[in-house]
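Participant: Residues 1 to 496 in the numbering used here are what the sequence shown spells out, letter by letter.
Every residue gets a Cβ at the ideal spot worked out from N, C-alpha and C, and that includes glycine.
Got a structure for you, written out below as structure tokens; questions coming shortly.
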Amino acid sequence: MSDHKLDALSLFVSDSHIVDTNELKIQYELHREDKNAIIHWSKCLDIIRDNVSKQVFKTWFEPLKALKWEEEQLTVLVPSQFYCEWLDEHFYSLLEKTLGQVLVAEAKLNYLVLVDENQDSLERRTIRLPALQHAPVPEKPESNVVSGKQVKEFTTYLNPRYSFDNFIKGESNQLAWSAGMAISQNPGGTRFNPLVIYGGTGLGKTHLVQGIGNSIIRRNSNARVLYTTSERFTNEFIAYVQNNKMSEFVNYYRNIDVLIVDDIQFFSGKEKTQDNFFHTFNALHQAGKQLILTSDRPPRDLTEIDDRLISRFQWGLIVDIQPPDFEMRMAILQRKSLDEGIELPTDVVEYIARHVTNSIREMEGVLISLIAKYSLDSRELNLELAKEVVHGAGKAEPRQITIEDIKAFVSDYYKIPVETIESKSRKHEIALARQMCIYLSKQLTQNSLKSIGAHFGGRDHSTVLHSIQTIEDYRDTDKNVRNASEYLYKTLKNRV
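Here it is, written out as structure tokens:
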């Protein structure tokens, strides 16, 4: 880093004090030769490199520079506030485990952020330091329980940044959002108990369930709302068993008003944990407390999960979140860029929305990389830069499955002409092929229900939903249809 560049920068530290240019130079010069810090951080980077993609490592970890190692705290220099927030939110677990492995279990990570005083952008906002401060994992299982009694200050582990206000709703998540709103107004008092939200990675499940929790607390500050993950629940359970403190564990969890458990699919194969969670679930449900769960698949498709638990997961409402369609992806990009204080050109928004389609999280990563290049490298915010970032993320020009692809493949499978499938015939074998096409179109494309209906003779929204539900029902009762749907889905998916 040159002195010239340092002259234009100020340093924000943990107490929000702005260090002047001369003091910055002194601090930087003082610590830049801390060999222990450099060696420790280099070892950390070796581990991180093996656990993230090449593009992610290059964008988010290469720019970080080790400054000092002191009192079990590793301080790194980061280019902007973007990095603090993004690393804190998306890589907390990886950083925590890596520091514990390379250094000591109690090691802390601190960020020092360089901010351009002349740039009127989001880097001028106050930052959160030290690093990893709002991450959801407690250091010890006893953090909320002392000798069988709850401590006065109940830790929710909710991220305050997740709310209904900044959750973009659309057709792909409308039902889940509506159920969440109803629960936030009357937790435990609706028919949606438990609420199980399932869908692929990065589609907003965690945002929505934490938004529900935050909304409940805003309405009732005394509500005991806990957000946890199946992994943390398991680790806490094991720790309390080892320390012969199961009564504390039981008392704590059964005095919660709203229990939110993320990624229940990871309970798979953990018989003792499942048994404990089964009794916790029963106790809370019988007491009229609210349970909210997320999964990457419907409960009936979970493997190595006790049938008793599967049955209880199905007591309330099970709703999926699908990948957002093109219009919703544009809305998300526009909203998130404005939240960061930057208005993206329309052609940039359209390009990213068309070429990054797998998940909202993936799209956020591309957006942050774009803003980082714009703000840190003084690049022009245009279509050329968008293409460079999207290509660098490995998302350029993906081959998308179309409804016409699905029609042709299903037509060949059932030996029924496409025009016959599109007709109004109600013969069982033709109707089944048509319903299979509609079901797969919903599963494999980004088209809205209205758009799917238009591809099958202008059928309306309710007819499309009926077709999807028919195949879902067949999958439960008809082995041939289940096998056909799985074969068609996997084969079409692998053709992309």
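Buried or exposed: which applies to residue 225, given that a residue is buried once 16 or more other Cβ atoms fall within 10 Å of its Cβ?
Facilitator: Result: buried.
Participant: Could you give the residue range of the alpha helix (DSSP H) that holds residue 334?
Facilitator: Unbroken alpha helix (DSSP H) run through residue 334: 326-339.
Participant: Quick check: what's the CA-CA separation for residue 39 versus residue 91?
Facilitator: The alpha-carbon atoms of residue 39 and residue 91 are separated by roughly 21 angstroms.
Participant: So does the region 343-358 actually touch the region 371-383, counting three or more Cβ pairs closer than 8 angstroms?
Facilitator: Yes, the region 343-358 touches the region 371-383.
Participant: Apart from the five residues just before and just after residue 210, which ones in its own chain have a Cβ nearer than 8 angstroms to its Cβ?
Facilitator: Counting only Cβ-Cβ distances below 8 angstroms, and skipping sequence neighbours, we find 158, 159, 162, 227, 260.
Participant: Could you tell me which uninterrupted alpha helix (DSSP H) segments, each at least 4 residues in length, are contained entirely in the region 282-324, listed from first to last along the chain?
Facilitator: Whole alpha helix (DSSP H) segments, 4+ residues: 307-313.
Participant: Give the single residue among 272, 235, 185, 212 whose Cα lies nearest to the Cα of residue 309.
Facilitator: Among 272, 235, 185, 212, the Cα nearest to that of residue 309 belongs to 272.
Participant: For residue 66, which beta-bridge partners are listed by DSSP?
Facilitator: In the DSSP output, where bridge partners are listed per residue, residue 66 has 76.
Participant: Return the residue from the list 77, 183, 485 that minimises the CA-CA distance to residue 219.
Facilitator: Checking every option, the nearest Cα to that of residue 219 belongs to 183.
Participant: I need the straight-line Cα distance from residue 453 to residue 424, nearest angstrom please.
Facilitator: About 13 angstroms.
Participant: Could you give the DSSP three-state label for residue 504: helix, strand or coil?
Facilitator: Here the chain comprises residues numbered 1 to 496, so residue 504 is not present and cannot be evaluated.
Participant: Report the partner residues of residue 193 according to the DSSP bridge assignment.
Facilitator: DSSP, once it has assigned bridges, lists no residue as partnering residue 193.
Participant: Near residue 48, which residues of its chain fall below 7 angstroms by C-beta distance, leaving aside the five closest residues on each side in sequence?
Facilitator: Only 57, 61, 94, 98 meet the Cβ criterion.
Participant: Does the Cβ of residue 487 lie closer than 6 angstroms to at least one heavy atom of the ligand GDP?
Facilitator: In terms of ligand content, the structure shown is empty, and the ligand GDP therefore cannot be addressed.
Participant: Which of the three DSSP states is assigned to residue 407 in this structure?
Facilitator: Residue 407: helix per DSSP, three-state reduction.
Participant: Do you know how far the Cα of residue 302 is from the Cα of residue 282?
Facilitator: One C-alpha to the other measures close to 20 angstroms.
Participant: So what's residue 201 in DSSP terms, helix, strand or just coil?
Facilitator: If DSSP states are grouped into helix, strand and coil, residue 201 belongs with coil.
Participant: Using the C-alpha atoms, what's the distance from residue 402 back to residue 493?
Facilitator: About 11 angstroms.
Participant: With a threshold of 7 angstroms on Cβ separation, who are the neighbours of residue 443 within its own chain once the five nearest residues in sequence on each side are excluded?
Facilitator: Cβ within range, chain order: 489.
Participant: Relative to the C-alpha of residue 305, which candidate in 328, 269, 280, 297 has its C-alpha closest?
Facilitator: Looking at the Cα atoms, 269 is the closest of the given residues.
Participant: With residue 473 as the anchor, note down where its beta strand (DSSP E) starts and where it stops.
Facilitator: No beta strand (DSSP E) holds residue 473; the alpha helix (DSSP H) holding it covers 461-477.
Participant: Determine the direct distance from the alpha carbon of residue 385 to that of residue 198, and round the result to whole angstroms.
Facilitator: So the alpha carbons of these two residues sit roughly 34 angstroms apart.
Participant: Please state the DSSP three-state secondary structure of residue 103.
Facilitator: The answer is coil: DSSP assigns residue 103 none of H, G, I, E or B.
Participant: Could you give the distance in angstroms between the alpha-carbon of residue 482 and the alpha-carbon of residue 471?
Facilitator: Approximately 8 angstroms, taken between the alpha carbons.
Participant: Count the other CB atoms, across all protein chains shown, that sit within 10 Å of the CB of residue 242; report buried if there are 16 or more and exposed otherwise.
Facilitator: Per the 10 Å Cβ criterion, exposed.
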